[in-house]
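Reviewing the structure listed below.
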Amino acid sequence: MKRTLILLLGLMAPALGFAAGDAHTYPDDEIEIDWEDKAAMQRGARTFVNYCLSCHSAAYSRFNRVGKDLGIPDDLVREYLIFTTDINGDKTKIGELMETTMTPEYAEEAFGLVPPDLTLIARSRGVDWLYNYLRGFYVDPSREGIGVNNGVFANVGMPHVLIELQGLQAPKYRIVKDADGNETEVLSGFEIIEPGSMSKSEYDQTIHDLVAFLDYLAEPYKQTRENVGVGVIIFLLFFLVLAYALKREYWKDVH
Ligand code: HEC
1 MKRTLILLLG
11 LMAPALGFAA
21 GDAHTYPDDE
31 IEIDWEDKAA
41 MQRGARTFVN
51 YCLSCHSAAY
61 SRFNRVGKDL
71 GIPDDLVREY
81 LIFTTDINGD
91 KTKIGELMET
101 TMTPEYAEEA
111 FGLVPPDLTL
121 IARSRGVDWL
131 YNYLRGFYVD
141 PSREGIGVNN
151 GVFANVGMPH
161 VLIELQGLQA
171 PKYRIVKDAD
181 GNETEVLSGF
191 EIIEPGSMSK
201 SEYDQTIHDL
211 VAFLDYLAEP
221 YKQTRENVGV
231 GVIIFLLFFL
241 VLAYALKREY
251 WKDVH
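Under the working numbering, read the sequence shown as residues 1 to 255, first letter to last.
Right, here's the structure in full:
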């Protein structure tokens, strides 16, 4: 009896913990990444080099590797994806790593910390989190210097770098009562107060594509791995039939 009870409690623990630690965050959406959709990843790569590479590196990948995987010819990679220069002022070579030109010292001074490398961010944070984070910036005058906060990353040190696309949104709150009757305000929505160049659905699509690119970046071999996996399963099924037929053949005379 005691053991059953312990077992039951053990099974319930994650559920209880989830309820207790359910720090409400907004937005809270989920996305699907289509690994066949290279066009989406190409658009994401474009957004990435234009809006993110100035502060963040993706220093575990190279421009030409990204080009190859996403089906972008070298000359187009040079034209549309490489905007950085090396120390001599020459355009970064296509075989180089995707590094930011911002020095860590400068970043430290400007933001108080060095923006993290984003090569593996889709693995550590997950695609849903990224999708919500990049759509979650809202106006907050109490944040000195950057003037924005974020619905999934409270007091984030990153400015809203996509403001010209998304515009500026104001937070909406909802009152939630806990069991003791204490009221707290939780973030429950946004309202655009200064429109950007994109509509909401266009912006969502842009972020979806950017996250698709980050997902690719974090695991460039994913597709190969999945294809190999399918091949192996098909082979094993085929082999099962063969092995069974062989077994029947061998045991035919015994029975
Ligand atoms: C102006 C510089 C700057 C630009 C441009 C910028 N970021 Fe950031 N980013 C930061 C800083 C600084 C932080 C660290 C924030 C913190 O820890 O408080 C950060 C943090 C992040 C994080 C959270 C990392 C983590 O898990 O702690 C993600 C994800 C991110 N940035 C993605 C992006 C993407 C995608 C873009 C391009 C759309 C971008 N950033 C553009 C400065 C920048």
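All C-beta atoms, glycine included, are put in the ideal place defined by N, C-alpha and C.
Values in this document were obtained by computation on a predicted structure and should not be read as measured data.
Alpha-carbon spacing of residue i relative to residue j, whole angstroms
i    : j    : result
V114 : V241 : 57 Å
C55  : E99  : 9 Å
E191 : N64  : 40 Å
K93  : L236 : 44 Å
K252 : G67  : 57 Å
T101 : I33  : 30 Å
Y131 : G181 : 34 Å
A20  : I146 : Low confidence applies here, because A20 scores a pLDDT of 40, under 50, leaving its location unreliable; read the following figure in that light. For A20 and I146, the distance between alpha carbons rounds to 32 Å.
D22  : K247 : Low per-residue confidence applies at D22: pLDDT is 44, beneath 50, and the placement is therefore not dependable enough to give any value.
E249 : I233 : 24 Å
E183 : N227 : 52 Å
Q205 : N88  : 37 Å
A154 : G196 : 23 Å
G123 : A245 : Checking the sequence shown, residue 123 turns out to be Arg, not Gly. Approximately 44 Å between the Cα atoms of the pair.
F238 : G231 : 11 Å
L81  : N50  : 8 Å
G157 : M198 : 24 Å
I175 : D75  : 55 Å
I267 : A179 : Residue 267 lies beyond the residue range present for the chain, which begins at 1 and ends at 255; the question has no answer from this structure.
Buried/exposed call for residue i, threshold 16 Cβ in 10 Å
i    : result
V186 : exposed
F18  : Bear in mind that a pLDDT of 45 at F18, under 50, signals an unreliable position, so the model cannot answer this.
N149 : buried
F48  : buried
G151 : buried
G136 : buried
V127 : buried
Rounded distance between the beta-carbons of residue j and residue i, thought under 8 Å
i    : j    : result
T119 : Y60  : 4 Å
S281 : D140 : Residue 281 lies beyond the residue range present for the chain, which begins at 1 and ends at 255; the question has no answer from this structure.
D209 : R78  : Going by Cβ atoms, the distance from D209 to R78 rounds to 21 Å, so no, they are not a contact pair.
Cβ-heavy atom distance, residue i to ligand 1, below 7 Å
i    : result
A158 : The sequence given here has Met at residue 158, not Ala. Correct: M158 has its Cβ closer than 7 Å to ligand 1.
V161 : yes
L134 : yes
P115 : yes
F111 : yes
S54  : yes
I33  : no
I146 : no
R125 : yes
Y60  : no
Y51  : yes
I175 : no
CB of residue i within 8 Å of CB of residue j, strictly
i    : j    : result
S188 : Y173 : yes
M138 : P171 : Reading off the sequence shown, one finds Tyr at residue 138, where the question assumed Met. It is a contact, given that the beta carbons lie within the stated cut-off.
Y216 : M41  : yes
A212 : D37  : yes
I207 : L134 : yes
L70  : A45  : yes
I121 : L214 : yes
G167 : E194 : yes
T103 : L53  : no
H35  : Q223 : Checking the sequence, you will find Trp at residue 35 rather than His. For W35 and Q223, yes; Cβs fall inside 8 Å.
G95  : R62  : yes
Any non-hydrogen atom of ligand 3 closer than 7 Å to residue i Cβ
i    : result
L130 : Ligand 3 is not part of the structure shown, which contains ligand 1 as its ligands.
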